[in-house]
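Q: Chains as they are written, first to last, in my numbering: chain P, 1 to 243; chain G, 244 to 384.
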Amino acid sequence: MGHEKKAFALIGFLLVITIIVILGAMLIPSCSQQCEEAAMARIPEFPWPPPQASSTIVIPSQFLVYSADETLRLRDIDERLSAAMEKCGYVEKRYYAVPDGFAIVTRLEQINSDGTPKDPPERWSIAVGPLRCFSLREYLRTLFSANPGYYRIIVFIITPHPFSQSEAKLSSDEAMDWLQDGLNVLPNSIGERVCTNEHNTTALIYEFKRLDEVDAEPNQILPGRLTAQDHLKKSELWSSLER
Amino acid sequence: MKVSLKKCKKHFAILWFAGAGVVFFLVLLQTVFGRYGEKANDAWSWLLPTVMPTLSLIVGILVSDAVGKQKRDKVVDRFFYRFSFILSLSYLILVTFTILTQPFSSLHPLQFLKQSHLWLAPFQGLVIASLGAFFIRGEEN
């Protein structure tokens with residue numbers, strides 16, 4: 001009788017252990033899913049649909065996908081974009097979540113009227129700087145006419161979903177907040193996703209102009225003076241991506 | 244060595260009207276092309292006290308000479324004439340230089356003009372003093 005009791009107790013103990021193991025195995029995936037969802041919930045979302053941009057272009061897929069056979073993840077796209085951006089001086093950027101993808105936002109930079117970036121430190125400054133390189137044309141222009149400051153923010157959006165833009169006009173303050181609110185790196189929950197043939201990379205250019213007044217705020221230029229391709233070419237991002 | 248005061252006055256009048264004309268024309272062009280935007284008043288508020296007191300002094304003396312009954316020409320020392328002339332020329336060059344160097348300043352153009360009082364105001368005091376003394380004094384030939 002004593003042996004039977006021990007045997008039943010052992011069987012009962014094993015059953016309890018088995019049930020715990022099975023339940024545990026069932027709960028772990030749902031926990032990781034919850035963790036992922038929690039992580040996703042923490043990723044700041046880019047305004048969707050995006051505010052009206054000064055100019056827009058869809059980056060040719062061959063710039064970021066080198067071979068049709070390779071299995072790309074969104075992290076790979078980020079690495080290629082980031083490498084091109086860093087080559088062109090865009091070392092500060094922020095990540096946002098967009099539907100099934102992500103957005104990279106560059107820091108507000110000051111540009112010349114032809115779209116080429118100003119030399120640092122003016123490039124990353126709001127203040128309209130003095131004339132640095134002398135050319136008679138530029139000198140006379142600065143001497144006699146208002147010396148406006150031109151600014152630009154580039155947003156790359158990687159998503160499989162076609163999108164339009166909202167009618168909302170972006171203020172320079174909102175644009176500068178983008179660099180504070182976004183994440184510093186692409187989270188794994190987004191980076192591990194497979195980049196499908198439907199994913200497109202779209203560059204949105206938000207261009208601002210500030211009149212030569214001390215207190216004036218930069219205002220968005222709508223529509224932009226230059227095409228998005230011109231902006232990317234002048235910033236040398238186009239050639240860096242083209243390889 | 245003495246020079247005719249009448250001749251000197253004419254030289255000063257030509258220098259000041261030519262110099263002030265250049266400065267006036269520069270600021271006019273800047274105003275027309277929108278260099279100062281809606282704050283063009285501030286630019287003219289800077290310009291007028293910079294040249295008008297001396298121009299008024301010269302015009303006043305020239306008109307007074309023209310309507311006066313002075314028969315004999317006065318003479319002045321050449322050194323004082325040259326000294327005053329170079330002082331006036333330097334001042335007008337400095338005013339023009341202040342406008343022409345605006346594009347190289349990191350300050351807003353109007354702030355730069357305002358700041359220029361630091362070097363223009365003492366200079367202007369010297370110019371007016373020298374011109375006043377020069378025009379009032381003079382020995383009979």
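All residues carry an ideal CB built from backbone N, CA and C; glycine is no exception.
(1) Hey, does C31 of chain P have any beta-carbon neighbour from chain G nearer than 7 Å?
(2) Near I221 of chain P, which residues of its chain fall below 6 Å by C-beta distance, leaving aside the five closest residues on each side in sequence?
(3) Suppose the cutoff is 6 Å on Cβ atoms and the five residues either side in sequence are ignored; what does the same chain contact list for N366 of chain G look like?
(4) I'd like to know whether the C-beta atoms of S172 of chain P and E217 of chain P end up nearer to each other than 7 Å.
(5) Going by DSSP, which residues form a beta bridge with E207 of chain P?
(6) Output, in chain order, the set of chain P residues within a Cβ distance shorter than 9 Å of L223 of chain G.
(7) Rounded to whole angstroms, what is the Cα-Cα separation between G368 of chain G and F144 of chain P?
(8) Short of 8 Å in beta carbon distance, which residues of its chain neighbour L300 of chain G, apart from the five on each side in sequence? Order them along the chain.
(9) Nearest to M85 of chain P by CA position, among P:I11, P:I104 and P:S135, is which residue?
(10) So P130 of chain P contacts chain G; which residues on that side make the cut at Cβ distance below 7 Å?
(11) So for F260 of chain G, helix, strand or coil by DSSP?
(12) Measure the beta-carbon distance from Y279 of chain G to L353 of chain G and round it to whole angstroms, keeping in mind my assumption that it falls under 8 Å.
(13) Can you list, in chain order, the residues of its chain with a C-beta nearer than 6 Å to that of W238 of chain P? Leave out the 5 residues immediately preceding and following it.
(14) Leaving out the 5 sequence neighbours to the left and right, which residues in its chain are closer than 8 Å to K169 of chain P when beta-carbon positions are compared?
(15) Would you grab the beta carbon distance between P130 of chain P and P346 of chain G for me? Rounded to a whole angstrom, and I think it's under 8 Å.
A: Taking the structure as given:
(1) As a first step, residue 31 of chain P must be located in the first sequence, where it is residue number 31. At C31 of chain P the pLDDT is 46, less than 50, meaning the model places this residue with poor confidence; the figure from the coordinates comes in the next sentence. Not closer than 7 Å to any Cβ of chain G, the Cβ of C31 of chain P fails to qualify, so no.
(2) Within the first sequence, the letter at position 221 stands for residue 221 of chain P. Cβ neighbours of I221 of chain P beyond the five flanking positions: S54, E207 and K209.
(3) If you number the second sequence from 1, residue 366 of chain G lands on position 123. According to the sequence provided, residue 366 of chain G is Phe. The question's Asn does not apply to it. Excluding sequence neighbours, F366 of chain G sits near Y334.
(4) Within the first sequence, the letter at position 172 stands for residue 172 of chain P. Within the first sequence, the letter at position 217 stands for residue 217 of chain P. Closer than 7 Å, so yes.
(5) What you label residue 207 of chain P is simply residue 207 of the first sequence in a count that begins at 1. Answer by DSSP bridge pairing, in chain order: P:R152.
(6) Nothing about residue 223 of chain G can be reported from this structure: the residues present for chain G run from 244 to 384 only.
(7) Translated into the one-based positions of the second sequence, residue 368 of chain G becomes position 125. Translated into the one-based positions of the first sequence, residue 144 of chain P becomes position 144. One C-alpha to the other measures close to 29 Å.
(8) For this step, residue 300 of chain G is matched to residue 57 along the second sequence. Closer than 8 Å at Cβ, skipping near neighbours: I371, L374, G375 and F378.
(9) Position 85 of the first sequence, counted from the start, is the residue given in the question as residue 85 of chain P. Residue P:I104 is the option with its Cα nearest to M85 of chain P.
(10) Working through the first sequence from its first residue, we reach residue 130 of chain P at position 130. P346, F347, S348 and S349, listed in chain order.
(11) As a first step, residue 260 of chain G is located in the second sequence; it is residue number 17 there, counting from the start. It is helical.
(12) One-based indexing of the second sequence puts residue 279 of chain G at position 36. One-based indexing of the second sequence puts residue 353 of chain G at position 110. With 8 Å as the limit, Y279 of chain G and L353 of chain G qualify as a contact, their Cβ atoms being about 6 Å apart.
(13) Numbered from its first residue, the first sequence carries residue 238 of chain P at position 238. Excluding positions up to five away in sequence, the list reads L232.
(14) Translated into the one-based positions of the first sequence, residue 169 of chain P becomes position 169. Contacts found: P51, Q52, Q220 and L222.
(15) Stepping through the first sequence from its first residue, residue 130 of chain P is reached at position 130. Stepping through the second sequence from its first residue, residue 346 of chain G is reached at position 103. About 6 Å; that satisfies the 8 Å criterion.
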